[in-house]
Amino acid sequence: MKRLINRLFIGMLVVMTTQACKESETSTIVNDGVAPGPVTGLTVTNLSGAATIKYNLPSDPDVLYVKAVYKTKQGIERETKVSYYNNTITVVGFADTDGYEVKLYAIDKGGNTSQPTSVTVNPLMPPFRIIRNSLGVISNFGGIDVSFENATQADVAIVVIAPNALGDYTAVNTNYTTLKKGVFYTRDLKAEETKFGIYVRDRWGNISDTLQTTLTPIYEERLDRKLMKGISLPSDPGLAYGGSLNGVFDGSVTGGTYHSNDAARMPQQFTYDMGVTAKLSRLAWWMRPDGGGYYAIHAPRKIEIWGSNAPNPDGSYDGWTKLVDYEQIKPSGLPVGQLTTADNDAAKAGETVLIPLDAPKVRYIRFKTLTNWSGGTYVCFYELAMWGNPKQ
Numbered sequence: 001m002k003r004l005i006n007r008l009f010i011g012m013l014v015v016m017t018t019q020a021c022k023e024s025e026t027s028t029i030v031n032d033g034v035a036p037g038p039v040t041g042l043t044v045t046n047l048s049g050a051a052t053i054k055y056n057l058p059s060d061p062d063v064l065y066v067k068a069v070y071k072t073k074q075g076i077e078r079e080t081k082v083s084y085y086n087n088t089i090t091v092v093g094f095a096d097t098d099g100y101e102v103k104l105y106a107i108d109k110g111g112n113t114s115q116p117t118s119v120t121v122n123p124l125m126p127p128f129r130i131i132r133n134s135l136g137v138i139s140n141f142g143g144i145d146v147s148f149e150n151a152t153q154a155d156v157a158i159v160v161i162a163p164n165a166l167g168d169y170t171a172v173n174t175n176y177t178t179l180k181k182g183v184f185y186t187r188d189l190k191a192e193e194t195k196f197g198i199y200v201r202d203r204w205g206n207i208s209d210t211l212q213t214t215l216t217p218i219y220e221e222r223l224d225r226k227l228m229k230g231i232s233l234p235s236d237p238g239l240a241y242g243g244s245l246n247g248v249f250d251g252s253v254t255g256g257t258y259h260s261n262d263a264a265r266m267p268q269q270f271t272y273d274m275g276v277t278a279k280l281s282r283l284a285w286w287m288r289p290d291g292g293g294y295y296a297i298h299a300p301r302k303i304e305i306w307g308s309n310a311p312n313p314d315g316s317y318d319g320w321t322k323l324v325d326y327e328q329i330k331p332s333g334l335p336v337g338q339l340t341t342a343d344n345d346a347a348k349a350g351e352t353v354l355i356p357l358d359a360p361k362v363r364y365i366r367f368k369t370l371t372n373w374s375g376g377t378y379v380c381f382y383e384l385a386m387w388g389n390p391k392q
């Protein structure tokens, strides 16, 4: 009986303590109906497309956060909030270097809002305009190449537009990037004089002026896979596990496969005849998706592409010219075995290697693998294709 009474007493004590805690918690969030004082002592540091405002909080003990409110040229109101632990707030997304009024408010735990304190910011030139000014455009096989610089690694989209069949300008390619600099490629365009436009858009919807240029893409075509066939040279490894070099020219990204044998070592290469001499523009290969996913089953990672018109039958590299060095990069950057949707989408689209414009015309190709994704000595993938101009 005494144990039962003790248990009941302890239970009542726990309930009373819990209830007291709840009351204590809720009692700290009381709306006293009194707005806090305004923020004071504002100083501005202007940034590229943004500004940082430093301030002093009011002395009210129940201040919860500070809010900055400002409008774009289009009349869109934006706001930024920071907790009372901070004494600076950054306003972003400005499209130009004009002056903008920013109003700062202190808000307390009861939701009461102070009178605004206004300040004018004059942002520096925003990143999307700086990137626009860095753009360079040249013709290339089957399209154009757009180079850019993005020193602040801003999150932007670079958009290429061209006239459609009705003469209306529409987007033909959009490159989303945060890279410091780079080149992106627009392909599968006709080899005819075209008026292109290129502009930059940031994540707040600000759009630069359009760079206009008239260029003629260089003619290219996908080379006939039916003319391609493997060549066995003494230094090339044998095949195993159902692999066939000619299987990568069967037109199926899920069918025949190339797979080197157990005796293979890195680096290793395979050799093939394209069946035609051509000025090459690009090469693409497709990885096998099963057994662990893309980028995991002995897929080539670092490679070299070599070309020749008279390969030495002894298997040496006499008579060969290196066309390009290349490393495959997963979009996500995650370790082997971890894949994102972007990784899978990129793999399904095929890995494209661009051949430099100054590369010579060749007929024979050596695909040399320096390392694969698994770190082993096999090389395996499903399909391979070539583009270029066999008429040049």
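Heads up, the final residue of the sequence shown is numbered 392 in UniProt numbering, and it's a clean run with no missing numbers.
Just so it is clear, CB atoms sit at the ideal spot from N, CA and C, and this is done for glycine as well.
A quick note: this is a predicted structure, and the numbers were derived from the prediction, not measured.
Residue i bridges to which residues according to DSSP?
i           : result
Phe128      : For Phe128, which the question treats as bridged, DSSP gives no partner whatsoever.
residue 402 : This structure cannot speak to residue 402, because the chain is shown only from 1 to 392.
Asp202      : Val156
residue 394 : This structure cannot speak to residue 394, because the chain is shown only from 1 to 392.
Thr222      : Per the sequence shown, the amino acid found at residue 222 is Arg instead of Thr. Partner(s): Trp387.
Ser139      : Ile144
Thr213      : Phe196
Thr90       : Thr52
Ala162      : Thr170
Ala102      : Per the sequence presented here, residue 102 reads as Val, with Ala not at that position. Paired residues: Val119.
His259      : Cys380
Ser83       : Tyr65
Asp108      : Val63
Ile207      : Arg201
Asn31       : Answer by DSSP bridge pairing: none, since Asn31 is not bridged.
Thr178      : Its beta-bridge partners do not exist; DSSP assigns none.
Anyone know if the C-beta pair for residue i and residue j falls short of 7 Å?
i      : j      : result
Gly99  : Asn122 : yes
Met386 : Leu227 : no
Asn309 : Val362 : yes
Ile131 : Val200 : yes
Thr271 : Arg203 : no
Leu371 : Ala264 : According to the sequence displayed, residue 371 carries Thr and not Leu. No. Outside cutoff.
Ile303 : Asp273 : no
Gly136 : Pro217 : no
Gly333 : Ala284 : no
Asn389 : Glu220 : yes
Gly49  : Pro126 : yes
Tyr65  : Lys81  : yes
Val159 : Thr174 : yes
Met287 : Ala240 : no
Gly197 : Thr210 : yes
Val183 : Asp236 : no
Pro331 : Ala342 : yes
Phe128 : Asn206 : yes
Which two residues bound the contiguous beta strand (DSSP E) that contains residue i?
i      : result
Thr277 : 268-286
Gly230 : 229-231
Leu118 : This sequence places Ser at residue 118; Leu is not what is there. Looking at the DSSP string, the run of the beta strand (DSSP E) that includes Ser118 is 117-121.
Lys181 : 181-186
Leu47  : 40-47
Exposed or buried, residue i, counting other C-beta atoms within 10 Å across all chains shown (16 or more means buried)?
i      : result
Gly375 : exposed
Glu192 : exposed
Thr74  : The residue asked about is misnamed: residue 74 is Gln in this sequence, not Thr. Exposed, since its Cβ has fewer than 16 Cβ neighbours within 10 Å.
Lys279 : buried
Tyr176 : exposed
Gln153 : exposed
Thr186 : buried
Lys368 : buried
Asp168 : exposed
Asp108 : buried
Gly247 : buried
Ala106 : buried
Tyr70  : buried
Ser357 : Here the sequence assigns Leu to residue 357, which means Ser is not the residue at that position. By the 10 Å Cβ count, Leu357 comes out exposed.
Leu384 : buried
Thr326 : Correcting the residue identity first, residue 326 is Tyr in this sequence and not Thr. Result: buried.
Asp262 : exposed
Val30  : exposed
Pro36  : buried
With a cut-off of 8 Å on the beta carbons, I'd call residue i and residue j a contact; round off their distance for me.
i      : j      : result
Ser118 : Glu101 : 6 Å
Ala68  : Glu79  : 6 Å
His259 : Gly238 : The Cβ separation is near 10 Å, so there is no contact.
Val44  : Ile53  : 6 Å
Pro289 : Gln328 : Incorrect: roughly 15 Å between the Cβ atoms, too far for contact.
Pro234 : Asp314 : 6 Å
Gln212 : Lys190 : Contact doesn't hold; Cβ gap of about 19 Å is too wide.
Leu42  : Asn87  : Incorrect: roughly 11 Å between the Cβ atoms, too far for contact.
Between which two residues does the alpha helix (DSSP H) holding residue i run?
i      : result
Lys348 : 341-349
Flag residue i as yes if its beta-carbon sits less than 7 Å from any beta-carbon of chain B, otherwise no.
i      : result
Leu104 : Looking for chain B here will not work: only one protein chain is present.
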